Amino acid sequence: MSSKTAQNEEDPFEMYDLDSGRKLLHEYSGIPNEDVKNHVELIQTKALQVRPYPCIRRYRFLDLIMKTTDVYLEVLDRVKNGEKFMDLGCCFGQEIRQLVHDGAPSVNTYGSDLWGDFLSIGYELFKDKDRLQTTFIAADVFDDSSPLVELAGKMNIIYVGDFFHLFSLEEQEKAAMRVAQLLAAQPGSLIIGRQSGSETAGKFSRAGDTSGRKHFQHNPQSWKELWERIGEKNGTAWTAEVDLCPEFKFKSVPEEKSSEVQRLMSVKGLRYTIRRL
Ligand SMILES: C[S@@+](CC[C@H](N)C(=O)[O-])C[C@H]1O[C@@H](n2cnc3c(N)ncnc32)[C@H](O)[C@@H]1O
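First residue of the sequence shown? That's 17 in the numbering used here, and the numbers climb one at a time after it.
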C-alpha cells in the first residue's frame, strides 16, 4: 500500500481509473510503464507541499477529461488550424499535453494557474521543458491587473477543470466573467469543463475542510443560469450543455468498502460545454 493512503486507507493510484494519464506519460513523456507509479508518486509528494488539493492526492491529473468529450475532435482541429487554447487553473497542464500529443501545435496553447510551482512541476511530470512551447502564466484569476488580462479576447477555447467548485457563487461569477473576457468576442468561442456537482445546487463545505469556508456546488440548471447571468452582465449569449454524472472513475475497489470509499462512489460531477452564440 502506498505511503499516501493514510487518509482514505485506500491506494488512490490503484483505486481510480488513471489509464488515460498513465498512457500519456508513457507515450508522450517516454516513461516506461513500470516506472510510472514511482515517478507520479514523487511528483505528487512535491505538489502536495505547494498546496494539498484533494484532486492531487487522488491523482485527478491522470484522468484526462477533454478527450472524452463530444467536442474533442473539433477542439483539436481548431487548435491545429491556429486557434488559441487555454487551460485555466491548469495545475500541471495535463490536458494541454494530451492536445499536443494528439497533434496540436503547442505554440497555440496557454496554461494559467495561481501557483507557478505547479506549472514548473508540470514540466517535471511530463519531461517536456525542452520541447513544449506552451505559454504558461502564473496569475490569480481574480486579479484585474494580472498578465492574464493582457490576453483578453485572444483565446478561442478554454478548458476549466475542477476549478469553479473551489469558490463561492459570487467568486464563481467573477471567474466566469474572466473566462468570458479571455475568449474572442465571436460566435463559437468555447468553454469545456468539469467540476463537482449535485442534484441540488447550494453551498457546501468540502470534505475534510475544517475552515468553515462555504463553496457553491451547482446542478446543471444552476450552472446554466450562471452563464445566463454572465450574458446579461456583459451582453453576450451562450448555450450550455451540462451533464451530471459520477465524478470518479474507479478501476479497483475493495470488496469491503470503507465509508469514505462508499461516499466517493456516490459523488457526482458536472461535465459541460458552453458555446458563445
Ligand atoms: C483542484 S485543482 C484542478 C487542477 C486541474 N485543472 C485539473 O483538472 O486537474 C485547482 C487549480 O486551480 C488553481 N487555482 C486556485 N485558485 C486560483 C486562482 N484564484 N487563480 C488561478 N488559479 C487558481 C489551483 O492552484 C489548482 O491548480
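Cβ coordinates follow ideal geometry from the N, Cα and C atoms, glycine included. This structure is a prediction, so every number in the text was calculated from the model and none was measured.
Helix, strand or coil for residue i, going by three-state DSSP, please let me know.
i, result
"residue 36", "helix"
"residue 21", "With a pLDDT of 43 at residue 21, under the threshold of 50, the modelled position of that residue is not reliable, and the figure given next carries that caveat. Correct three-state label for residue 21: helix."
"residue 98", "coil"
"residue 122", "helix"
"residue 128", "strand"
"residue 74", "coil"
"residue 228", "coil"
"residue 146", "coil"
"residue 202", "coil"
"residue 138", "helix"
"residue 170", "coil"
"residue 86", "coil"
"residue 180", "helix"
"residue 41", "helix"
"residue 80", "coil"
"residue 185", "helix"
"residue 293", "coil"
Using a threshold of 8 Å, state whether the C-beta atoms of residue i and residue j are closer than that.
i, j, result
"residue 216", "residue 235", "yes"
"residue 172", "residue 240", "no"
"residue 55", "residue 49", "no"
"residue 253", "residue 293", "yes"
"residue 158", "residue 190", "yes"
"residue 75", "residue 139", "no"
"residue 81", "residue 210", "yes"
"residue 79", "residue 106", "no"
"residue 144", "residue 45", "yes"
Residues in the same chain with beta-carbon distance under 6 Å from residue i, minus the five sequence neighbours each way, listed in chain order, please.
i, result
"residue 291", "206, 255"
"residue 20", "Note that residue 20 scores a pLDDT of 43, beneath 50, so its modelled location is shaky; the value from the coordinates is reported in the next line. Once the five neighbours on either side are set aside, residue 20 has no close Cβ partner at all."
"residue 152", "127, 135"
"residue 35", "none"
"residue 63", "72, 137"
"residue 24", "Confidence in residue 24 is poor, its pLDDT being 45 and thus under 50, which makes the residue's placement too unreliable to answer from."
"residue 111", "82, 103, 175"
"residue 219", "230, 232"
"residue 125", "101, 112, 150"
Give every residue of the same chain whose Cβ lies closer than 7 Å to the Cβ of residue i, excluding the five residues on either side of it in the sequence, and list them in chain order.
i, result
"residue 258", "236, 239, 240, 286, 288"
"residue 214", "233, 235, 284"
"residue 185", "232"
"residue 18", "Caution applies to residue 18, whose pLDDT of 42 falls short of 50 and renders its modelled position unreliable; the value that the coordinates give is listed next. Closer than 7 Å at Cβ, skipping near neighbours: 27, 29, 57."
Return the first residue and the last residue of the alpha helix (DSSP H) that residue i is part of.
i, result
"residue 173", "From DSSP, residue 173 is part of no alpha helix (DSSP H) but of the beta strand (DSSP E) over 173 to 177."
"residue 55", "49 to 66"
"residue 246", "236 to 250"
"residue 16", "Any property of residue 16 remains undetermined from this structure, which presents the chain solely from 17 to 293."
Need the endpoints of the beta strand (DSSP E) that residue i sits in, please.
i, result
"residue 278", "Per DSSP, residue 278 belongs to no beta strand (DSSP E); it is in the alpha helix (DSSP H), 275 to 282."
"residue 210", "206 to 213"
"residue 116", "Residue 116 -> not in any beta strand (DSSP E); alpha helix (DSSP H) instead, spanning 110 to 117."
"residue 260", "254 to 262"
"residue 151", "151 to 154"
"residue 158", "No beta strand (DSSP E) contains residue 158, which DSSP labels as neither H nor E."
"residue 105", "From DSSP, residue 105 is part of no beta strand (DSSP E); its letter is neither H nor E."
"residue 219", "218 to 220"
Beta-carbon within less than 8 Å of residue i's beta-carbon, same chain only, minus the 5 sequence neighbours each way: which residues are those?
i, result
"residue 192", "180, 242, 243, 246"
"residue 198", "102, 104, 164, 167, 168, 169, 170, 171, 174"
"residue 119", "92, 96"
"residue 66", "131, 133, 134, 137"
"residue 204", "172, 291, 292"
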